[in-house]
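Worksheet: the structure to be examined is printed underneath.
Numbering (the numbering used here), first residue to last: 251 to 999.
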């Protein structure tokens, strides 16, 4: 919430007079290295930048101090401020920026906050903080929402506008937490029930985090403004003599920006031909994580002037104590003291990275013009002067995003599997269609042949019977005529009989000719039948060729499945190397037992890099230098880190088929199963399951795993697992075991 007196003073000053200081043009964006273009920043890149802002007189001061001059005189063109001691003497101070009472909110944002916001967008941590006496306009400067007057928007809203305009919501993410430090208790302004958040410090790096705070993703400005309105409604405030709406807590806004570095991440696409070997060229994407911290400190106050009493008095004491602790830390840093008392207050613990840390910090101190508060104004100015002497070691927050790479590889692997299954299904459907069509054609040809043969046979049989019948009738008629002629004209019998006999012979010759023609037709039909049989043999040959092609496709499928298994092994190895890299960064050195294991891992990686074609080092050379028994003995070491690294080495060795038999013979399989049974470490479960998955690719090893109760142990591990990667490794091992048909029969029967 904005302080009422400070807000009204700024509003009245802007509406009554025109500003006499023009806003500077927007600073240029940084280059690709993240450095800021500007002479001042180039000269002192890590120093805390301090700007002073003067609040106009409010209505009460205009009446009470009407006969007195302001206690301060600003020289913005020289970036100087004069603090009057009396009418003839004054102290002069220089700041990075001097903002008059007529300076607009946009001008304040440009010179105070924009350089820090741009650094956060480039992967640095940044802090913007307001410090000053109560009622001087700190909340107005930082947290004004600008709903009634858009030009009155404060630094919080303007910073989020620039962040959302610069990021890509498809590849980047923006999330915020909004907290208040009230009476040395950290409370969540977005979740009032969460009123006692603990501070967690990394013992090695000293980084401070608040894992219990709400973290809300931001997609647009409106949702951010709603969160600010919700947080301001839960913030503590009270009415004092100095301020009608005095903030009684320190408000802290944390904006987390995660961005992908363009040009580093090589994306998978269809241009790669969707070949599994293309995965070898994929590198993990590079991400930059910047955090912007905006701190609206509660105003310092003197009890005799504010008139605080009761619970308000206790709040004032707590505020003054935390501000005093902050002042002590600033003094120690300005004087390069060996000890900085950061742990004296939760406020200083939260701001440890902002002063003397790795963040780029910008401080705006707010003062009032009233000579009655000259002491508080002088104290605020001296705080700003000491803060200008503090230098931070600004550090780029950059790291590899192995989780993103793993998710992308999983998606690409699923796509390859789906595409392979689709092509296999289409091929099988085509084979089935061709086979059905060929069978249909053969059946139809056989039916046509039988029908044609039967028709021709019936036709010639009918013609033959009709011809025989006609001949018999003719013969009977001729015989009757011969008998009659013989009885009547016995002398003419020889002549008549000779003519009829000639006719009969002619008819017989005709019938013989017809019979030969019928036999010729039958022979033609036999030839057609032979040709149909040859066609059928050709069809059968084509079907045989199709079956051969189907077998070739099956072999290709098995080859693709092998490549997919290699890809899964490479994905496992990549995850293991990522875990090992993070642990090596956190450790200064390993214990004596881990020396041999790290030497072994470095030998494996060195041989992998030295091989030009990507092949893994031979197990013979590896065993000559270290020995498999030594590696397996480390699986039973008392130190958990030693066991984890030993399991990772065994998993890497088990990825090679030539090593699997030696690992099993040396008792490595039994040791891995014992680790699943006895160890409670989630990492050991995940890596051991991956090693068992590699060993389970061999049919002999599958029977050994089943015989030693491997299925039960893997099922128990999956039931107790919380990490999705552990479930993936266990699923891979069980899937490899399920690929053995004999074992499935034994398992079910």
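Don't be surprised by glycine CBs; every beta carbon is placed ideally from N, CA and C.
task = State the start and end residues of the unbroken beta strand (DSSP E) segment that holds residue 301.
result = 299-304
key: Unbroken alpha helix (DSSP H) run spanning residue 359, endpoints   = That residue, residue 359, is in no alpha helix (DSSP H); it is neither H nor E in DSSP.
inquiry  = So, at 8 Å on beta carbons, what are the nonlocal neighbours of residue 796 in its own chain, with the 5 sequence-adjacent residues on each side left out?
reply    = 681, 684 and 685
task = Determine the burial state of residue 438: buried for a count of at least 16 other Cβ atoms within 10 Å of its Cβ, exposed for fewer.
result = buried
inquiry  = Just to check my reading of the structure: residue 333 and residue 628 have Cβ atoms closer than 8 Å, yes? What is that Cβ distance to the nearest angstrom?
reply    = 6 Å
Spatial distance of residue 340 from residue 410 (CA atoms) = 40 Å
Among 495, 351 and 422, nearest to residue 617 - alpha-carbon criterion = 351
task = Name the residue from 720, 708, 619 and 802 whose alpha carbon lies nearest to the alpha carbon of residue 678.
result = 802
inquiry  = Does the beta-carbon of residue 357, which I'm using as the reference point, lie nearer than 8 Å to any heavy atom of the ligand PLP?
reply    = The ligand PLP is absent from the structure shown, which contains no ligand whatsoever.
request  = Determine the contact status of residue 464 and residue 444, defining contact as a CB-CB distance below 9 Å.
outcome  = yes
query = For residue 483, which of helix, strand or coil comes out of DSSP?
reply = helix
key: residue 328, DSSP secondary structure in three states   = coil
Straight-line Cα distance separating residue 421 from residue 562 = 47 Å
key: Cutoff 6 Å; reference residue 484; Cβ partners in own chain excluding five residues on either side   = 439 and 442
query = So is residue 544 buried or exposed if we call it buried at 16+ other beta carbons inside 10 Å?
reply = buried
task = Report yes or no: do three or more beta-carbon pairs, one from the stretch 412-430 and one from the stretch 466-474, lie closer than 8 Å?
result = yes
request  = Check whether the stretch 403-419 touches the stretch 636-645, counting contact only when three or more Cβ pairs, one atom from each stretch, lie closer than 8 Å.
outcome  = no
key: Continuous alpha helix (DSSP H) stretch holding residue 379: start and end   = Segment 376-382 is the beta strand (DSSP E) holding residue 379; no alpha helix (DSSP H) there.
query = Under 9 Å, do residue 506 and residue 541 count as touching if we go by C-beta distance?
reply = yes
request  = Would you identify the three-state DSSP class for residue 435, choosing helix, strand or coil?
outcome  = strand
ask   = What first and last residue would you give for the beta strand (DSSP E) that runs through residue 504?
value = 500-510
task = Keeping to the same chain, check which residues put their C-beta closer than 6 Å to that of residue 737; ignore five residues upstream and five downstream.
result = none
key: Limits of the alpha helix (DSSP H) - the one that residue 342 falls within   = No alpha helix (DSSP H) contains residue 342, which is instead part of the beta strand (DSSP E) from 340-344.
ask   = Is there contact here, the stretch 758-767 with the stretch 712-729, by at least three beta-carbon pairs under 8 Å?
value = yes
key: Three-pair Cβ contact test at 8 Å for the stretch 751-760 versus the stretch 700-709   = no
ask   = What number of angstroms, rounded off, separates the C-alpha of residue 242 from the C-alpha of residue 329?
value = There is simply no residue 242 to check, as the chain begins at 251 and stops at 999 in what is shown.
ask   = With distances taken from CA atoms, which of 583, 623 and 921 is nearest residue 607?
value = 583
ask   = First and last residue of the beta strand (DSSP E) that includes residue 613?
value = 610-617
request  = Pull up the distance between the alpha-carbon of residue 591 and that of residue 572, whole angstroms please.
outcome  = 12 Å
key: Proximity below 9 Å, CB of residue 546 to CB of residue 392   = yes
inquiry  = Going by beta-carbon coordinates alone, are residue 433 and residue 612 separated by less than 9 Å?
reply    = no
Status (buried if at least 16 other CB within 10 Å, exposed otherwise) for residue 355 = buried
key: DSSP beta-bridge partners of residue 754   = For residue 754, which the question treats as bridged, DSSP gives no partner whatsoever.
ask   = DSSP on residue 936, reduced to helix/strand/coil?
value = helix
task = Could you tell me which residues DSSP puts in a beta bridge with residue 550?
result = 383
query = On the three-state DSSP scale, how would you describe residue 772?
reply = helix
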